Amino acid sequence: METTTHDHEHVRLLKTEHPVGIVGYGAYVPRYRLPAREVARIWTAGTGGLPIEEKSVPGLDEDVATMSIEAARNALARAQIDPRDLRAVWVGSESHPYAVKPTSTIVAEAIGAVPSTQAADWEFACKAGTEAMVAAMGFVGSQMARYALAIGMDTAQGRPGDALEYTAGAGGAAFVIGPGEESLAEIESSYSFVTDTPDFWRRQYARYPEHGQRFTGEPAYFKHIISAGEAMFEATNTKPEDYAYAVFHQPNTKFPQRAGAMLGFKPEQVETGLLVPRIGNTYSGAAIIGLTAILDIAEPGERIMLVSFGSGAGSDAMVLRVTDRIAGKPELATRTEEYISRRTEIDYAEYVRMRGKLTMK
Amino acid sequence: MTNVVIAGIGQTPVNEHWDLSLRELGLQAMEAAMQDAGGLRPNALYVGNMLSGALSHQAHLGAMLADFAGLTGIEAAAIEAAGASAAMALRVGFLAVASGQVDVALVLGVEKLSDQVPAQVESALAMGTDADYEAEQGLTLTAQAALLAQRYLHEFKVPEHGLAGFSLTAHANGAHNPNAMFRKAVKPEIYASAAIVSAPLNMFDIAPNADGAAALLLTRAELLPPKFPHPLVEIAGSSAVTDTLALHDRPDPLTFNAARLSVERACAQAGILPNDADLFELFDAFSIYSALSLEAAGFSERGQGWVWARNGAIRLDGDLPIATLGGLKARGFPGGATGAYQAVEATLQLRGQAGGAQVPGAKTALVQSLGGPASTAVTHVLTIAQ
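This is the structure:
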């Protein structure tokens, strides 16, 4: 496709000059789990509905840097490339350990990608990870780089007692983006739908995010996911039944189920990537760790639609097609389901300690 | 005969209008009312609103909305009486037109609640209570209604879910109203299993906060052309009465005395008895308010209002239909704009334009709005003009 024209009047689909795709992928989820009923026990005397079953909690020695390194190593194990061939290491998160000082240099150093590489951190609430992926597509698709590493990882914050505390989880995924002919899943196209919508935010120096409560639903999550998904259908002339799987940003169990139904997907197309009931909302990692669970079991030729959502707000939609090169790849690193099954349940008090919720001054 | 007639009505759907501001909502309702009245233009605008200052940082609604509607030059001001704001604006419009000082008055109820998060809205609504002695102590209108309901259920030995019929009736009726926030009948078992908001009130005992605007264009019948496009509804009676602001200052908190007096006075002016009304648009912000309002209007004995929720008399085919287009519970509760919706809906009934919710042969309607627990009560008697 020519870069100066659009192949559709309304939808400005992003397609690369040269085919690109996922050469390696890797997930990471910390082992600790806080059941939602524990949060309800402390804050609502156990009454009221629960948005998920349990969420993942990072251990005392874990943060977005260490977790990104875990996922990146898994992605490299599946990509089977020399880390020095990575020309970008990009980490999307809203819980970077430092306000100033990149997470990405820590990751790049740890995996051996330094010094001849780009490195930077991305921020777009929960879609920082897919934003890094789209940038990596451009980097590779223009042949500026053979490989680029895009990561979405979070240790999400929820104010004690807030609705978000039930779901704010930890985890994410890393992707080695590379040439289409080396890909286990080719990324056929992407489309982003962005508006200025203040549904959720965290101001500078604030410890916890704030949100517009019901405003986060219809005018934010659903508007952007559905708009991006429908635009993608239109631009690619595809229908829900053309896809084996669909995966969405998943802040709770109901939203992605409803978004899937609104776009015309059946529950069985959505359930494989729907991890939020068991690990919580991993923010920048949420949609893409769902994608890793799909890639763990996908067959060549199957199509996947991914639509992320980041508050503020926007959605990145991508269409992926699994290739023959998927064969044997899932076994090369820890599968997503293994991370999810590996669980140590904690109570609210342990959670308070691990997450540093009790500060005396 | 007061000779003041409702020449036009307009309303926006009641909902969370994320994409519409206070002024856009107001404009839609005003334009609809003027269009309904065949393009009649007002000399005065009276705006009923409670919370634009607290939630939208906008005061001076008279000038703002007259300006936005292209009506600069007319007389305009906002009237505030908590939940009864728009009903009070209707009364002011009625007085202005009846006096002969104003020929055509536009009455607008408008409220924009969804610009702030629910906790802030609840806190702002509590400004309608006594700030020093009630709100300051943490009391909200919902908590206060729950206390009233608790006392009522105890005092009169009301069985479990004894108030459910008010909510179920409202939802059944709202299903016929295209402007209602909730358009689905609710089964008793759904009511019974709903989450408690403030014991003993559950989610279905409490009207949902929402955005909306409704408008009525008032004039004197003789000023209209002989072949007016639709039947005229007359404001035959109008009364506003106050009670103590704080609930604890009343000798009997379970009596809505201002509601009683305003019904008596409005009916006396109209020359009717409450029983002559074919429907009663009462203020069901909370199910307990419905019971107490029925008692205050004299439709039932003290402590027996809840029985009406059980016996079907309040349904569309009953002796005294209430909340005929969904009431506050199903149509939604757009704060101080509510009274305008109630009057617009009663007008639709009397014109025979209420669709599936039509009360057959309705000729007289009682319409009552409350500010807080009837600290203000405004009642209008509407009749189909002869």
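Quick mapping for you: the protein sequence lines, in order, are chains A and B.
Quick note: the first sequence uses our numbering, first residue 606, plus one each step.
Quick note: the second sequence uses our numbering, first residue 510, plus one each step.
All C-beta atoms in this analysis are idealised placements derived from N, C-alpha and C, irrespective of residue type, glycine included.
Here the structure is a predicted model, which is why all the values come from computation and not from measurement.
For Val-876 of chain B, DSSP records a beta bridge to B:Glu-790, B:His-889. Between Glu-950 of chain A and Arg-692 of chain A, the C-beta spacing is not below 8 Å. For the segment 641-655 of chain A, the beta-carbon criterion of a distance under 9 Å to any beta-carbon of chain B is satisfied by Thr-652, Gly-653, Gly-654. Exposure of Tyr-810 of chain A is indicated by the presence of fewer than 16 other C-beta atoms within 10 angstroms of its C-beta. Sixteen is the threshold: since fewer than 16 other Cβ atoms of the shown chains lie within 10 Å of the Cβ of Leu-732 of chain B, the residue is exposed. With respect to the C-alpha of Val-611 of chain B, the residue from B:Tyr-555, B:Leu-617, B:Ala-755, B:Asp-528 having the closest C-alpha is B:Tyr-555.
With a beta-carbon spacing of about 7 Å, Gln-778 of chain B and Ser-748 of chain B fall inside the 8 Å limit used to define contacts. When the five nearest sequence neighbours on each side are left out, the beta carbons in the same chain lying within less than 7 Å of the beta carbon of Pro-765 of chain A are those of Lys-962, in order along the chain.
Beta-bridge pairing by DSSP links Met-758 of chain A to A:Gly-777. Taking C-beta separations shorter than 7 Å and ignoring five residues to either side along the sequence, the partners of Ala-724 of chain A in its chain run Val-694, Pro-707, Ser-709, Thr-710, Ala-713, following chain order.
Those residues of the segment 603-637 of chain B placed with their C-beta closer than 7 Å to a C-beta in chain A are Val-626, Pro-627, ordered along the chain. With its beta carbon less than 8 Å from one in chain A, Glu-525 of chain B belongs to the interface. At a cut-off of 8 Å between C-beta atoms, Ala-704 of chain B counts as an interface residue with respect to chain A.
Between the C-alpha atoms of Ala-805 of chain B and Ala-883 of chain B there is a straight-line separation of about 10 Å.
By the Cβ neighbour-count rule, Lys-621 of chain B is buried, with 16 or more other Cβ atoms within 10 Å of its own. Here Ala-886 of chain B is buried: its Cβ has 16 or more other Cβ atoms, across all protein chains shown, within 10 Å. For Tyr-630 of chain A, the secondary structure class from DSSP, reduced to helix, strand or coil, is strand. With respect to chain B, the C-beta atom of Arg-764 of chain A has no partner C-beta closer than 8 Å. Around the C-beta of Val-695 of chain B, 16 or more other C-beta atoms lie within 10 Å, and the residue is accordingly described as buried.
If you draw a straight line from the Cα of Val-662 of chain A to the Cα of Phe-675 of chain B, it comes to about 46 Å. Secondary structure of Gln-520 of chain B (DSSP, three-state): strand. Of the candidates B:Leu-656, B:Phe-665, B:Ile-699, the residue whose Cα lies closest to the Cα of Leu-677 of chain B is B:Ile-699. Non-local beta-carbon contacts of Ala-596 of chain B in its own chain, meaning distances under 6 Å to residues more than five positions away in sequence, involve Gly-848, Ser-878, Val-887 in chain order. DSSP places Gly-844 of chain B in the helix class (H, G or I) of the three-state scheme. When A:Val-745, A:Phe-798, A:Ala-677 are compared, the shortest CA-CA separation from Lys-732 of chain A is found for A:Phe-798.
Annotated as distal: Gly-807 of chain B and Phe-665 of chain B, with beta-carbon spacing of 8 Å or more. If you compare the alpha carbons of A:Leu-665, A:Arg-960, A:Glu-675 with that of Ala-778 of chain A, the shortest gap goes to A:Glu-675. Going by DSSP, Trp-817 of chain B is part of the alpha helix (DSSP H) stretching over 816-820. Residue pairing by DSSP puts Glu-620 of chain B in a beta bridge opposite B:Gly-721. The segment 551-639 of chain B contains, as complete beta strand (DSSP E) runs of 3+ residues, the segments 553-557, 584-588, 613-620 (chain order). Of the residues B:Arg-600, B:Ala-586, B:Tyr-850, B:Leu-536, the one whose Cα lies closest to the Cα of Ala-775 of chain B is B:Arg-600. Chain B has a Cβ within less than 8 Å of the Cβ of Gly-817 of chain A. Here DSSP, grouped into helix, strand and coil, assigns His-685 of chain B to coil. A Cβ-Cβ separation of about 5 Å places Ala-871 of chain B in contact with Gln-858 of chain B under the 8 Å criterion. The Cβ atoms of Met-742 of chain A and Ile-686 of chain A lie no closer than 8 Å to each other. Counting C-beta atoms within 10 angstroms of its own C-beta, Ser-946 of chain A has fewer than 16 neighbours from the protein chains shown and is therefore classed as exposed.
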